[in-house]
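Reading through the structure tokens given below for one structure.
There are 2 protein chains.
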Amino acid sequence: MTQIRKLTADRPVELAPGARMFPLFGEAGMLNVVDVDPGTEIPLHSHPHEQLGIVLAGEITMTFGGEQRLLGPDDAYQIPGGVEHGGRAGPAGCRVLDVFVPVREDYRELAGA
Amino acid sequence: MTQIRKLTADRPVELAPGARMFPLFGEAGMLNVVDVDPGTEIPLHSHPHEQLGIVLAGEITMTFGGEQRLLGPDDAYQIPGGVEHGGRAGPAGCRVLDVFVPVREDYRELAGA
């Protein structure tokens, strides 16, 4: 069944200290708007899911497979499953939109969805 | 291999008259930023791919499986494969971000990617 809602009107789900998410779970994939506070570090990690994303506001220095890049609005990325990545939000924080295929079941559990 | 780039700096791909897209093709899924000119109609259509999306700017009246909804910034949607949908951009046009799982191979061909 189709889902429609103002995603950022949901109660945010704490993803980690300084990072809050607004997920939309589909069947094959999911969307996730993530707000990251200024200077917050997202430690290097990897998962089998493919991740695609785009910076909606602010800046984040991301590390992908050892390479560091400063990303700002409209910068997009595709991270194959298994590739280690992480980031540190810029001085004004950032909002990114992430996509995961398949659905992150750990996020579904975290969100109680 | 990881892809990173400013998506809207790409040459836009004409999706239909009045609609231009900036796609990022992954392996399992894809992102697509779509700019729609004021009043442009996207005719009702369906596809087997799951579609998730969010309005980034402007407004669009979308029809999902017969139901009409006016969507604005941060309004998100999930459309299961096979569900008929379409839309009409508002008076200022709109920018939406769409996700398709699996990849729309017709879009990859259109983009010459």
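These protein sequence lines are chains A and R, in that order.
For the first sequence, my numbering assigns the number 1 to the initial residue and increments by one for each residue that follows.
For the second sequence, my numbering assigns the number 1001 to the initial residue and increments by one for each residue that follows.
We treat Cβ as the ideally placed atom computed from N, Cα and C, and that holds for glycine.
What you are looking at is a predicted structure, and each value in this text was computed from that prediction instead of being measured.
Are the beta-carbon atoms of residue i and residue j separated by less than 7 Å?
i                  : j                  : result
Glu-1067 (chain R) : Cys-1094 (chain R) : no
Leu-52 (chain A)   : Leu-24 (chain A)   : no
Ala-1028 (chain R) : Glu-41 (chain A)   : no
Ser-46 (chain A)   : Gly-82 (chain A)   : yes
Thr-1063 (chain R) : Leu-1070 (chain R) : no
Pick out whichever of the options has its Cα sitting closest to the Cα of residue i.
i                  : options                                           : result
Phe-100 (chain A)  : A:Gly-112, A:Gly-26, A:Phe-64 and A:Glu-109       : A:Gly-26
Ile-4 (chain A)    : R:Pro-1043, R:Thr-1002 and R:Asp-1074             : R:Asp-1074
Pro-80 (chain A)   : A:Met-1, A:Pro-48 and A:Glu-109                   : A:Pro-48
Val-1034 (chain R) : R:Ser-1046, R:Leu-1044 and R:Val-1013             : R:Val-1013
Pro-1102 (chain R) : R:Pro-1038, R:Gly-1090, R:Asn-1032 and R:Leu-1015 : R:Asn-1032
Val-1055 (chain R) : R:Pro-1043, R:Gly-1065 and R:Arg-1088             : R:Arg-1088
Tyr-107 (chain A)  : A:Leu-70, A:Thr-2, A:Arg-11 and A:Phe-22          : A:Phe-22
Ala-19 (chain A)   : A:Tyr-77, A:Gly-86 and A:Glu-105                  : A:Gly-86
Met-1 (chain A)    : R:Glu-1084, R:Leu-1097 and R:Pro-1043             : R:Glu-1084
Pro-17 (chain A)   : A:Pro-43, A:Tyr-77 and A:Asp-10                   : A:Pro-43
Asp-1098 (chain R) : R:Ala-1092, R:Gln-1078, R:Asp-1037 and R:Gly-1065 : R:Gln-1078
Glu-1109 (chain R) : R:Asp-1010, R:Gly-1039 and R:Leu-1015             : R:Leu-1015
Val-36 (chain A)   : A:Val-96, A:Glu-105 and A:Gly-112                 : A:Val-96
Ala-92 (chain A)   : A:Ala-76, A:Gly-112, A:Gly-39 and A:Ala-113       : A:Gly-39
Please state whether DSSP places residue i in a helix, a strand or coil.
i                  : result
Glu-14 (chain A)   : strand
Glu-1084 (chain R) : coil
Arg-69 (chain A)   : strand
Thr-8 (chain A)    : helix
Ala-1113 (chain R) : coil
Glu-105 (chain A)  : helix
Pro-43 (chain A)   : strand
Glu-50 (chain A)   : strand
Gly-1026 (chain R) : coil
Met-1021 (chain R) : strand
Asp-75 (chain A)   : strand
In chain R, which residues lie with their C-beta within 9 Å of the C-beta of residue i?
i               : result
Gln-7 (chain A) : First, the residue type needs correcting, since residue 7 (chain A) is Leu and not Gln in the sequence shown. The answer, in chain order, is Ile-1054, Asp-1074, Asp-1075 and Ala-1076.
Kindly list, in the order they appear in chain A, the residues whose Cβ is closer than 7 Å to that of residue i.
i                  : result
Val-1101 (chain R) : Ala-28, Gly-29 and Val-101
Val-1083 (chain R) : Thr-2
May I ask you to list the residues that DSSP assigns as paired with residue i?
i                  : result
Thr-158 (chain A)  : The first residue shown for chain A is 1 and the last is 113, placing residue 158 (chain A) beyond what the model contains.
Pro-38 (chain A)   : Partner(s): none; Pro-38 (chain A) has no beta bridge.
Leu-1031 (chain R) : R:Leu-1024 and R:Val-1099
Gly-58 (chain A)   : A:Cys-94
Interface residues of chain A around residue i at Cβ under 8 Å?
i                  : result
Gly-1065 (chain R) : Thr-2
Leu-1097 (chain R) : Ile-54 and Leu-97
List the residues of chain R whose Cβ lies closer than 8 Å to the Cβ of residue i, in chain order.
i                : result
Ile-79 (chain A) : Thr-1002
Name the chain A residues whose beta carbon is nearer than 9 Å to that of residue i?
i                  : result
Arg-1069 (chain R) : Ile-4
Val-1036 (chain R) : Result: empty, since nearest Cβ-Cβ is about 17 Å, beyond 9 Å.
Residues of chain R with a CB under 7 Å from the CB of residue i: which are they?
i                : result
Leu-24 (chain A) : Leu-1052, Ala-1076 and Gln-1078
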